[in-house]
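A.B. asks: Residues 1 to 441 (UniProt numbering) make up the sequence shown, in order.
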Amino acid sequence: MGNDLNQAQARINALLDDNSFVELQSLVVARNTDFNLDAKKEPSDGVIIGHGLVDGTLVFVFSQNAEVLGGTIGEMHAKKILSLYDMALKVGAPVIGFIDCGGVRLQESFDALESLGAVIERAADVKGVIPQLICVAGQCGGGLSVLPAIADFTFMVDGASLFVNSPDTITGNDKDTSSAKFQFEEAGTVDMYGSLEEVVASMRQVISMIPNDIVEATDDLNRASEGLDSKVSDAAAIATEIADNREFIELKAGYAKEMVTGLIKLDGVTIGVVGNREVDGEAYLSAIGCEKAADFVELCDMYEIPVLSITNVAAFKSCTCQEKRLPRALAQMSQRFVDASIPKINLITKQAYGSAYVLMNSKSLGADLVYAFENASVGAMEASKAARILSDNGTDAAAIEKDYAQLQDSALTAAAHGHIDRIVSTADARKYIIAGFEMFF
């Protein structure tokens with residue numbers, strides 16, 4: 001990062017296009033208080049703000065400087081961040097923040113606390129109006145941890161720390177609950193993490209997807225989707241294959257792996273993808289997976305990003321802990337699908353059974369179009385299970401299973417009843433999904 005730059009400035013430079021950053025309010029200093037009348041005036045009051053470009057897209061950036069007053073939040077520090085939000089809001093541009101903060105400034109006491117509250121209020125108030133990307137690049141603890149959780153997209157640099165309570169203050173804890181790995185895999189707060197260079201590259205990728213401008217596609221909209229027959233168990237693999245230039249940005253990939261969320265472009269249009277991934281050969285809905293899906297569908301609806309759901313689900317995850325949380329999570333996901341006013345297309349790839357299928361953006365829940373692959377199974381339950389219930393003493397189970405599979409357990413039957421709009425081959429998936437979304441533009 002260069003010895004002539006502080007880390008806060010170096011992070012900005014790594015993110016933005018060369019020579020595009022314009023710093024604002026660099027002469028702001030901390031306001032003296034009764035406790036620190038003789039304090040030295042520090043430049044920028046521990047935070048750098050300004051605007052610049054990411055691949056030509058205007059963004060507004062703040063970067064906390066832990067080398068100045070520990071990056072602590074005081075009154076003037078917060079006012080700079082608030083003014084940045086105001087400017088971004090006027091022009092509808094994203095706000096990007098690099099957090100590296102020692103907490104609230106004790107010398108400013110209540111003024112510092114109220115200033116932190118004002119920043120959180122502003123971030124919450126503009127959520128869904130302008131995109132917010134937050135990168136935890138150093139320390140982010142206590143009340144400030146709310147800010148990355150409010151953000152639309154959250155990133156974390158290896159070695160940084162994100163916590164409400166410091167790990168060493170949690171009784172009986174033996175994990176580093178503040179680490180990027182924990183926040184990515186177990187807490188689900190972080191969308192992506194890695195080295196600064198990796199994180200910045202991911203942030204630039206996400207920014208390329210927002211705002212939702214239609215750009216000229218460089219990929220053939222009629223390109224055949226190759227090898228999807230072997231990928232029907234994994235929504236991420238399908239999304240990658242059908243996406244323009246096979247580019248899929250998966251979000252929260254380490255958390256609730258049974259539910260896939262991310263962004264692609266289809267013929268130049270940004271599309272949100274939410275779908276199922278088999279884990280250890282099982283296709284199920286879990287509480288954390290449904291919560292992950294619900295949050296993502298809500299995000300897409302706020303920014304008018306159409307949603308493609310990719311369905312391969314057979315049941316609900318079964319254990320005591322799921323019974324405590326799953327009903328509310330299912331309700332949350334269902335509500336988001338129902339309430340979303342964006343175009344919604346559902347693609348059934350392998351199996352779609354029971355009420356778990358219904359809750360994955362089915363026609364009855366409001367999907368505008370439903371497609372299914374030719375060999376997909378759709379029904380109340382797997383034919384083998386239905387046969388055991390319907391047969392007398394199991395003697396005719398094999399015959400019943402065969403009949404049930406043909407008559408009640410196929411995509412063709414669901415299409416005949418109007419629940420599926422079109423049966424598509426795996427090779428034609430890309431072109432039909434694009435055609436479906438194009439109806440709405």
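Backbone N, C-alpha and C define an ideal beta-carbon position, used for all residues, glycine too. Note that this is a predicted model, so its numbers are computed, not measured.
Under a Cβ-count criterion, where at least 16 other Cβ atoms within 10 Å of its own Cβ denotes burial, should Lys324 be classed as buried or exposed?
C.D. replies: Within the sequence shown, numbered from 1, the residue matching residue 324 stands at position 324. Label assigned to Lys324: exposed.
A.B. asks: Quick check on the DSSP output: what are the complete alpha helix (DSSP H) runs of length 4 or more inside the segment 142-175, in order along the chain?
C.D. replies: DSSP runs (the alpha helix (DSSP H)) wholly in the segment 142-175: 146-150.
A.B. asks: Measure the alpha-carbon distance for Thr426 versus Asn375 and round it to whole angstroms.
C.D. replies: By 1-based counting over the sequence shown, the position of residue 426 is 426. By 1-based counting over the sequence shown, the position of residue 375 is 375. Each residue's alpha carbon lies about 10 Å from the other.
A.B. asks: Considering only C-alpha positions, which residue in the set Asp368, Pro167, Thr171, Phe441 is nearest to Arg422?
C.D. replies: Within the sequence shown, numbered from 1, the residue matching residue 422 stands at position 422. Selected option, being the one with the closest Cα: Asp368.
A.B. asks: Tell me the rounded alpha-carbon separation between residue 474 and Tyr353.
C.D. replies: Examination of residue 474 is not possible in this model, given that the chain is present from 1 through 441 alone.
A.B. asks: Would you call Gly159 buried or exposed, if buried means 16 or more other Cβ atoms sit within 10 Å of its Cβ?
C.D. replies: Position 159 of the sequence shown, counting from 1, holds the residue named residue 159. Exposed: under 16 other Cβ atoms inside 10 Å.
A.B. asks: With three or more C-beta pairs closer than 8 Å as the rule, is the segment 165-177 touching the segment 17-32?
C.D. replies: Result no; under three Cβ-Cβ pairs closer than 8 Å.
A.B. asks: Hey, out of Gly281, Leu221, Val47, Val307, whose CA is closest to Gly262's CA?
C.D. replies: Position 262 of the sequence shown holds residue 262. Of Gly281, Leu221, Val47, Val307, the residue nearest in Cα terms is Val307.
A.B. asks: Which residues does DSSP pair with Met302 in a beta bridge?
C.D. replies: Here residue 302 is taken as the residue at index 302 of the sequence shown, counted from 1. Answer by DSSP bridge pairing: none, since Met302 is not bridged.
A.B. asks: Can you tell which of Asp301, Glu186, Leu82 has the C-alpha that lies nearest to the C-alpha of Lys273?
C.D. replies: Here residue 273 refers to the residue found at position 273 of the sequence shown. With the sequence shown as reference, residue 273 is identified as Val, and Lys is not the correct amino acid for it. Looking at the Cα atoms, Asp301 is the closest of the given residues.
A.B. asks: Could you compute how far the alpha carbon of Arg336 sits from the alpha carbon of Ala10?
C.D. replies: By one-based count along the sequence shown, residue 336 stands at place 336. By one-based count along the sequence shown, residue 10 stands at place 10. So the two alpha carbons sit approximately 39 Å from each other.
A.B. asks: Which ranges would you report for the alpha helix (DSSP H) in the segment 55-136 if only whole runs of at least 4 residues count?
C.D. replies: The qualifying runs are 75-91, 109-126.
A.B. asks: For Val129, does the count of other Cβ atoms within 10 angstroms reach 16, so buried, or fall short, so exposed?
C.D. replies: To locate residue 129, count along the sequence shown from 1; it is residue 129. Per the 10 Å Cβ criterion, exposed.
A.B. asks: What are the start and end residues of the beta strand (DSSP E) that includes Val200?
C.D. replies: Residue numbering aside, residue 200 sits at position 200 when the sequence shown is read from its first letter. It is not in any beta strand (DSSP E) - Val200 instead sits in the alpha helix (DSSP H) that spans 196-209.
A.B. asks: For a test of the three-state rule: what should DSSP assign to Gly436, helix, strand or coil?
C.D. replies: Counted from its first residue, the sequence shown places residue 436 at position 436. Gly436 falls in the helix class under three-state DSSP.
A.B. asks: Mapping DSSP to helix, strand and coil, what is Met360?
C.D. replies: The residue you call residue 360 lines up with position 360 of the sequence shown. It is coil, neither helix nor strand.
A.B. asks: Tell me which residues share the same chain as Ile434 and place their Cβ nearer than 7 Å to its Cβ, disregarding the 5 neighbours each side in the sequence.
C.D. replies: For the purposes of this step, residue 434 is taken as residue 434 along the sequence shown, with counting starting at 1. Leu221, Leu266, Asp267.
A.B. asks: Ile134 and Thr154 - do their beta-carbons sit closer together than 7 Å?
C.D. replies: Position 154 of the sequence shown holds residue 154. Position 134 of the sequence shown holds residue 134. Closer than 7 Å, so yes.
A.B. asks: By Cβ distance, which residues of its chain are closer than 6 Å to residue 449, with the 5 residues on each side in sequence left out?
C.D. replies: In the structure as shown, the chain begins at 1 and stops at 441. Residue 449 is therefore absent and cannot be evaluated.
A.B. asks: Please classify Asp18: is it buried, with 16 or more other beta-carbons within 10 angstroms of its beta-carbon, or exposed?
C.D. replies: Here residue 18 refers to the residue found at position 18 of the sequence shown. By the neighbour-count rule (16 or more Cβ atoms within 10 Å), Asp18 is not buried but exposed.
A.B. asks: Among Gly50, Lys317, Cys321, Lys181, whose alpha-carbon lies nearest the alpha-carbon of Gly254?
C.D. replies: Position 254 of the sequence shown, counted from the first residue, corresponds to residue 254. The shortest Cα separation from Gly254 among Gly50, Lys317, Cys321, Lys181 belongs to Lys181.
A.B. asks: Any idea if Lys292 is buried or exposed, counting beta-carbon neighbours within 10 angstroms, 16 or more meaning buried?
C.D. replies: On the sequence shown, position 292 is the one that residue 292 refers to. Classification of Lys292: buried, given that the 10 Å Cβ count is 16 or more.
A.B. asks: Using CA atoms only, rank isn't needed, just tell me which of Val232, Glu185, Met209, Met156 is closest to Ser195.
C.D. replies: Position 195 of the sequence shown holds residue 195. Ranking the options by Cα distance to Ser195, first place goes to Met156.
A.B. asks: Name the residue from Gly143, Val269, Val297, Gly142 whose alpha carbon lies nearest to the alpha carbon of Gly436.
C.D. replies: Against the sequence shown, residue 436 aligns to sequence position 436. That would be Val269, whose Cα lies nearest to the Cα of Gly436.
A.B. asks: Taking 7 Å as the threshold (C-beta atoms), are Arg430 and Arg246 in contact?
C.D. replies: For the purposes of this step, residue 246 is identified with residue 246 of the sequence shown, where counting begins at 1. For the purposes of this step, residue 430 is identified with residue 430 of the sequence shown, where counting begins at 1. No; because the gap between Cβ atoms is not below 7 Å, this pair is not in contact.
A.B. asks: Which of helix, strand or coil does DSSP assign to Ser20?
C.D. replies: In the sequence shown, residue 20 corresponds to position 20, counting from 1. Of the three classes helix, strand and coil, the one that applies to Ser20 here is coil, per DSSP.
A.B. asks: Am I right that Lys257 and Val279 are in contact with their C-beta atoms under 8 Å? What's the rounded C-beta distance?
C.D. replies: Working through the sequence shown from its first residue, we reach residue 257 at position 257. Working through the sequence shown from its first residue, we reach residue 279 at position 279. Contact holds; Cβ gap of about 6 Å.
A.B. asks: So what does DSSP say about Ser338, is it helix, strand or coil?
C.D. replies: In the sequence shown, the residue the question calls residue 338 occupies position 338. Ser is not the amino acid found at residue 338; the sequence shown has Val there. Note: Val338 maps to helix in three-state DSSP.
A.B. asks: When the Cα atoms are used, what is the spatial distance from Gly97 to Leu15?
C.D. replies: By 1-based counting over the sequence shown, the position of residue 97 is 97. By 1-based counting over the sequence shown, the position of residue 15 is 15. Whole-angstrom Cα-Cα distance: 11 Å.
A.B. asks: Roughly how many angstroms separate the alpha carbons of Asn312 and Arg277, rounded to a whole number?
C.D. replies: In the sequence shown, the residue the question calls residue 312 occupies position 312. In the sequence shown, the residue the question calls residue 277 occupies position 277. Going from the Cα of Asn312 to the Cα of Arg277 covers about 7 Å.
A.B. asks: How many Å lie between Asp219 and Ala243 at the Cα?
C.D. replies: Here the question's residue 219 lines up with position 219 in the sequence shown. Here the question's residue 243 lines up with position 243 in the sequence shown. Rounded to whole angstroms, Asp219 to Ala243 spans 9 Å at the Cα level.
A.B. asks: Express the C-alpha separation of Ala415 and Ala93 in angstroms, rounding to a whole number.
C.D. replies: Along the sequence shown, one-based indexing puts residue 93 at 93. Along the sequence shown, one-based indexing puts residue 415 at 415. Their backbone Cα atoms lie some 44 Å apart in a straight line.
A.B. asks: Within the same chain, show all residues whose beta-carbon is closer than 6 Å to that of Asp100, passing over the 5 residues directly before and after it, in chain order.
C.D. replies: Numbered from its first residue, the sequence shown carries residue 100 at position 100. Counting only Cβ-Cβ distances below 6 Å, and skipping sequence neighbours, we find Gln64, Ala66, Gly71, Ala137, Gly138.
A.B. asks: Would you mind giving the Cβ-Cβ distance between Met209 and Ile249, rounded to the nearest angstrom? I have them listed as a contact below 8 Å.
C.D. replies: Within the sequence shown, residue 209 is the residue found at index 209, counting from 1. Within the sequence shown, residue 249 is the residue found at index 249, counting from 1. Contact holds; Cβ gap of about 7 Å.
A.B. asks: Could you pull the DSSP bridge partners for Phe184 from this structure?
C.D. replies: Locating residue 184 in the sequence shown gives position 184, where the first residue counts as 1. Paired residue(s): none; Phe184 is not in a bridge.
A.B. asks: What are the residues that DSSP puts in a beta bridge with Glu282?
C.D. replies: For this step, residue 282 is matched to residue 282 along the sequence shown. Per DSSP, Val279.
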